[in-house]
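In the working numbering, the protein residues as written are 995 to 1103. Where is the CB? At the ideal position from N, CA and C, for every residue including glycine. Quantities reported herein were computed from a predicted structural model and do not represent experimental measurements. Here is the structure we will look at, set down as structure tokens.
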């Protein structure tokens, strides 16, 4: 089976959208048109901004704990319901030791 030749729209189509099993030679396109190197002086859309350009602010302790609780619940697959947000707010106002214990309970297998 020779496969379908690479269509003309392949130049405009991102590589991930082309099925290499259907369009043979897609891998050759990567070798022919290698992406130019990103200059360190310019910011690239997917890279973090340089340290001097990052905003300098710190999160309040209650906000950090609230984010940690949301992240732990989401990671374990428990989606907080609208009524649970008040409980998460109450827990985030507790001290770090208590919140760490609750996080350990949530994330332990």
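Output the boundary residues of the alpha helix (DSSP H) element that contains residue 1080.
Along the chain shown, read from residue 1 onward, the residue named residue 1080 stands at position 86. First-last of the alpha helix (DSSP H) with residue 1080: 1078 to 1086.
Could you give the distance in angstroms between the alpha-carbon of residue 1062 and the alpha-carbon of residue 1044?
Numbered from its first residue, the chain shown carries residue 1062 at position 68. Numbered from its first residue, the chain shown carries residue 1044 at position 50. Rounded to whole angstroms, residue 1062 to residue 1044 spans 25 Å at the Cα level.
By DSSP, does residue 1066 sit in helix, in strand, or in coil?
Here residue 1066 refers to the residue found at position 72 of the chain shown. The DSSP-derived three-state label of residue 1066 is helix.
Residue range of the alpha helix (DSSP H) that residue 1098 falls in?
Residue numbering aside, residue 1098 sits at position 104 when the chain shown is read from its first letter. Taken as a continuous stretch (DSSP letters only), the alpha helix (DSSP H) holding residue 1098 covers 1090 to 1101.
Can you name, in chain order, every residue of its own chain whose Cβ lies under 7 Å from the Cβ of residue 1085, other than the five neighbours on each side?
One-based indexing of the chain shown puts residue 1085 at position 91. Within the same chain, Cβ atoms closer than 7 Å to the Cβ of residue 1085 are found at 1063, 1093, 1096, the five residues on either side in sequence being excluded.
Burial state of residue 1048 (16 or more Cβ within 10 Å)
In the chain shown, counting from the first residue as 1, residue 1048 sits at position 54. With a 10 Å radius around the Cβ and a threshold of 16 neighbouring Cβ atoms, residue 1048 comes out exposed.
According to DSSP, simplified to helix, strand and coil, what is residue 1075?
Taking the chain shown and counting its residues from 1, the one referred to as residue 1075 is at position 81. DSSP, read as helix, strand or coil, puts residue 1075 in coil.
Just mark residue 1087 as buried or exposed, buried being the case when its beta carbon has 16 or more other beta carbons within 10 Å.
Translated into the one-based positions of the chain shown, residue 1087 becomes position 93. Looking at its Cβ environment, which holds fewer than 16 other Cβ atoms inside 10 Å, residue 1087 is exposed.
Considering only their Cβ atoms, is the gap separating residue 1076 from residue 1082 smaller than 8 Å?
As a working note, residue 1082 is residue 88 in the chain shown. As a working note, residue 1076 is residue 82 in the chain shown. One thing to note: residue 1082 has its Cβ no nearer than 8 Å to the Cβ of residue 1076.
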